[in-house]
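Note sheet for the following structure.
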Amino acid sequence: MPITEVLVPQLGEGLQEVKVIRFLKQPGETIKRDEHFYEMETDKAVVEVESPYDGTLTEWLAGEGDVLAIGAPIAKMETAEAVAAPAAHGAPVSHAVPTAPVRTERPAAGDVVIPPRTRAHAKSLGLTEDELRSIPSNTGKLMPEDVDAFVSARGSAAVEVAGEGYTDRPVPAQQRTFMYRVKRSSQIVVPGTIDIFVPWKNIRGLFESLRKEDVEVQPSEFVMAAFCIAQSAKNHTKFRSTLVGEETIREWDHLNMGIAVARPSDELVTAVVNDADALEFVPFARAVQSQVRRAREGQDQASMATQMLVTYMGAHNIVAAVPVLVSPAVSVVFIGAAHLREGQLMTTVGLTFDHRLINGVGAANFLNEIGERMEKLERSELGL
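Last residue of the sequence shown: 449 in our numbering, with the numbers rising by one and none dropped.
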């Protein structure tokens, strides 16, 4: 049976790249024509892509989380009949009609072929066209691994070069993922930001009291504040929702709370506590500690089901900030460092929200409930 390459489809005018979210089929599985077999994220939405052929999936040519150019090969399938030319096919759930671009592989110096996925990978690393064409290949077809080897060797050599005044380094994979999300968000999100001052005396008092006792968990001030945020989401459906395109609101039963976690070299990843609003305090605190630990080890847990993000800058003495919203989350809550304001211990709680879904009064009501819960938090609510 012939082997056919499946290409990333063109789903809209001006679309240049997509991010692979999830594989729905694995190599060896049989796939029917028009059956969903992977998810990808575009500038506008996450879509499930349909197979253009009947056959058996033999190989994925990319990984989950990879960013691919339109027309790049994503999979190989064993089909019953030979296909004249690979088609950039695959219809999304929204039934948009894909336009099949002509797949071209441009020869480099020495007749080395540069596939679209290699070109996209090189672009993500900041390589110029001339640099890309200078990379050697033993097979006659330049692959992403060849690009990585070139960048790695160039990085090592750059350290030894004196007098140039700079060193080129590849952007870390996690930062490239974050860059993609931020860029995508800047194109679609309409942000609004508000903030309030919240008395911090209760949370500070509970923290000081509990640290002197042998209790089931030793919660930080941040964990107690995050618990107040999660509980507030019970009464505000939009903050437990995500947008699916521009016409559908997906209301989730529970909140999947993302927490911004810093790693060495200023890398940023996201820890996620699923069903955060449904947890009592002790399991909530344990979940936060566990997920943050995994994030610090390098595991980014963000997904399309993460509706809200929380960022805490108290440990860095940052009193106020305008938090940046990264879709698909519809809000991000900022908690600043506690400080004296008119003789009272206070903190700033800021909220950036997606104005496409949430309006000012709804955001104000949610933020005020968070502030009230933080101000009036009692030990009985913690179960300790």
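All residues carry an ideal CB built from backbone N, CA and C; glycine is no exception.
Legend entry - Cut-off 7 Å between Cβ atoms - residues of its own chain near arginine 438, not counting five sequence neighbours on either side: As a working mapping, residue 438 is identified with position 373 in the sequence shown. Hits under 7 Å: Cys293, Gln296 and Ser297.
Legend entry - Buried versus exposed, by CB contacts within 10 Å (16 or more), tyrosine 377: Translated into positions along the sequence shown, residue 377 becomes position 312. Taking a 10 Å sphere around the C-beta of tyrosine 377, we find 16 or more other C-beta atoms and assign the residue as buried.
Legend entry - Within 9 Å, strictly: CB atoms of methionine 105 and lysine 84: In the sequence shown, the residue the question calls residue 105 occupies position 40. In the sequence shown, the residue the question calls residue 84 occupies position 19. Yes, the Cβ-Cβ distance between methionine 105 and lysine 84 is below 9 Å.
Legend entry - Per-residue DSSP class, three states only, for glutamate 311: Indexing the sequence shown from 1 puts residue 311 at position 246. DSSP places glutamate 311 in coil when its eight states are reduced to three.
Legend entry - Sheet register partners of glutamate 106 (DSSP bridge): Translated into the one-based positions of the sequence shown, residue 106 becomes position 41. Its beta-bridge partners are Lys84 and Val111.
Legend entry - serine 189 and valine 236 closer than 9 Å at C-beta: By 1-based counting over the sequence shown, the position of residue 189 is 124. By 1-based counting over the sequence shown, the position of residue 236 is 171. One thing to note: serine 189 has its Cβ within 9 Å of the Cβ of valine 236.
Inset, instruction - Let me know the secondary structure DSSP gives glutamine 91 once reduced to three states. - result: Working through the sequence shown from its first residue, we reach residue 91 at position 26. Coil.
Inset, instruction - Report back the beta-carbon spacing between valine 212 and threonine 183 to the nearest angstrom; my notes put them in contact at under 8 Å. - result: Taking the sequence shown and counting its residues from 1, the one referred to as residue 212 is at position 147. Taking the sequence shown and counting its residues from 1, the one referred to as residue 183 is at position 118. Confirmed, Cβ separation roughly 6 Å.
Legend entry - Alpha carbon of serine 285 to alpha carbon of phenylalanine 272, nearest angstrom: Stepping through the sequence shown from its first residue, residue 285 is reached at position 220. Stepping through the sequence shown from its first residue, residue 272 is reached at position 207. So the two alpha carbons sit approximately 7 Å from each other.
Inset, instruction - Could you tell me which uninterrupted beta strand (DSSP E) segments, each at least 3 residues in length, are contained entirely in the region 117–151, listed from first to last along the chain? - result: Complete beta strand (DSSP E) runs here, min 3: 120–125, 132–134 and 138–144.
Inset, instruction - Find out if the Cβ-Cβ distance for the pair valine 337, methionine 322 is shorter than 9 Å. - result: Here residue 337 is taken as the residue at index 272 of the sequence shown, counted from 1. Here residue 322 is taken as the residue at index 257 of the sequence shown, counted from 1. Contact flag set, yes.
Legend entry - Supposed close pair proline 256, methionine 411 - CB separation, criterion 8 Å: The count along the sequence shown starts at 1 and reaches residue 256 at position 191. The count along the sequence shown starts at 1 and reaches residue 411 at position 346. The beta carbons of proline 256 and methionine 411 sit about 25 Å from each other, so the pair does not count as a contact at 8 Å.
Legend entry - Inter-residue spacing [alpha-carbon to alpha-carbon] between tyrosine 245 and serine 274: As a working mapping, residue 245 is identified with position 180 in the sequence shown. As a working mapping, residue 274 is identified with position 209 in the sequence shown. Between tyrosine 245 and serine 274, the alpha-carbon positions lie close to 43 Å from each other.
Legend entry - From Gly128, Gln283, Glu196 and Ala145, residue whose alpha carbon lies closest to that of arginine 444: Sequence index remark: in the sequence shown, residue 444 carries index 379 (1-based). Checked all of Gly128, Gln283, Glu196 and Ala145; the closest Cα to arginine 444 is Gln283.
Legend entry - methionine 369 versus glutamate 229: straight-line alpha-carbon distance, rounded: Mapped onto the sequence shown, residue 369 falls at position 304. Mapped onto the sequence shown, residue 229 falls at position 164. Roughly 43 Å separates the two Cα atoms.
Legend entry - Residue-chain proximity (leucine 344, chain B), Cβ-Cβ < 9 Å: Annotation note: the requested chain B is absent from the structure, which comprises a single protein chain.
Inset, instruction - With a 10 Å radius around its C-beta and 16 neighbouring C-beta atoms as the bar for buried, classify proline 172 as buried or exposed. - result: Locating residue 172 in the sequence shown gives position 107, counting from the first residue. Confidence at proline 172 is low in this model, with a pLDDT of 42, below 50, so the placement of that residue is unreliable and no value is reported for it.
Inset, instruction - Please list, in chain order, all residues of the same chain as alanine 350 whose beta carbon is under 6 Å from its beta carbon, the five residues on each side excluded. - result: In the sequence shown, counting from the first residue as 1, residue 350 sits at position 285. Excluding residues within five positions, the ones whose Cβ falls inside 6 Å are Val282, Pro284 and Val288.
Legend entry - threonine 371 versus valine 177 - alpha carbon distance: Working through the sequence shown from its first residue, we reach residue 371 at position 306. Working through the sequence shown from its first residue, we reach residue 177 at position 112. Distance between the alpha carbons of threonine 371 and valine 177: 42 Å.
Inset, instruction - Go through its chain and collect everything with a Cβ distance to glutamate 129's Cβ below 8 Å, but skip five positions before and after it. - result: Along the sequence shown, one-based indexing puts residue 129 at 64. So the list reads Val85, Ile86, Arg87 and Phe88, once near-sequence residues are dropped.
Inset, instruction - Find the nearest neighbour of lysine 277 within the set Ala360, Leu449 and Val347, judged by alpha-carbon distance. - result: Taking the first residue of the sequence shown as 1, we reach residue 277 at position 212. Comparing alpha carbon positions, the residue from Ala360, Leu449 and Val347 closest to lysine 277 is Leu449.
Legend entry - Pairwise C-alpha distance: proline 201 and glycine 310: Here the question's residue 310 lines up with position 245 in the sequence shown. Here the question's residue 201 lines up with position 136 in the sequence shown. Distance between the alpha carbons of glycine 310 and proline 201: 42 Å.
Inset, instruction - Mark glutamate 362 as exposed unless 16 or more other C-beta atoms lie within 10 angstroms of its C-beta, in which case mark it buried. - result: Residue numbering aside, residue 362 sits at position 297 when the sequence shown is read from its first letter. Taking all protein chains in view, the Cβ of glutamate 362 is surrounded by fewer than 16 other Cβ atoms within 10 Å, so the residue is classified as exposed.
Inset, instruction - Check whether the Cβ of glutamate 437 lies closer than 8 Å to any heavy atom of the ligand FAD, and answer yes or no. - result: Absent from the structure shown: the ligand FAD. Ligands present: none.
Inset, instruction - Look at the alpha carbon of glutamate 196 and the alpha carbon of leucine 207, and state the distance between them as a whole number of angstroms. - result: What you label residue 196 is simply residue 131 of the sequence shown in a count that begins at 1. What you label residue 207 is simply residue 142 of the sequence shown in a count that begins at 1. Taking the straight line from one Cα to the other gives about 12 Å.
Legend entry - Within 9 Å, strictly: CB atoms of glycine 415 and isoleucine 253: Sequence index remark: in the sequence shown, residue 415 carries index 350 (1-based). Sequence index remark: in the sequence shown, residue 253 carries index 188 (1-based). Contact flag unset, no.
Inset, instruction - Pick out whichever of Gly93, Asp131 and Val387 has its Cα sitting closest to the Cα of histidine 186. - result: On the sequence shown, residue 186 is found 121 positions in, with the first residue counted as 1. It is Asp131.
Inset, instruction - Report the rounded CA-to-CA distance for glutamate 143 versus glutamine 240, giving the unit in angstroms. - result: Taking the sequence shown and counting its residues from 1, one reaches residue 143 at position 78. Taking the sequence shown and counting its residues from 1, one reaches residue 240 at position 175. Computed Cα separation, rounded: 36 Å.
Inset, instruction - Run the CB neighbour count on leucine 374, radius 10 Å, all protein chains shown included, and call it buried at 16 or more, exposed below. - result: Translated into positions along the sequence shown, residue 374 becomes position 309. Only buried fits leucine 374, as 16 or more other CB atoms lie within 10 angstroms of its CB.
Inset, instruction - May I ask which residues mark the beginning and end of the alpha helix (DSSP H) holding phenylalanine 304? - result: Translated into the one-based positions of the sequence shown, residue 304 becomes position 239. Phenylalanine 304 -> no alpha helix (DSSP H), and no H or E assigned at all.
Legend entry - Endpoints, the alpha helix (DSSP H) within which glycine 463 is located: In this structure the chain extends from 66 to 449, so residue 463 is not present and cannot be described.
Inset, instruction - Kindly give me the distance between the Cβ atoms of leucine 405 and serine 396, rounded to whole angstroms, as I take these residues to be in contact under 8 Å. - result: Mapped onto the sequence shown, residue 405 falls at position 340. Mapped onto the sequence shown, residue 396 falls at position 331. Not confirmed; about 28 Å, so no contact.
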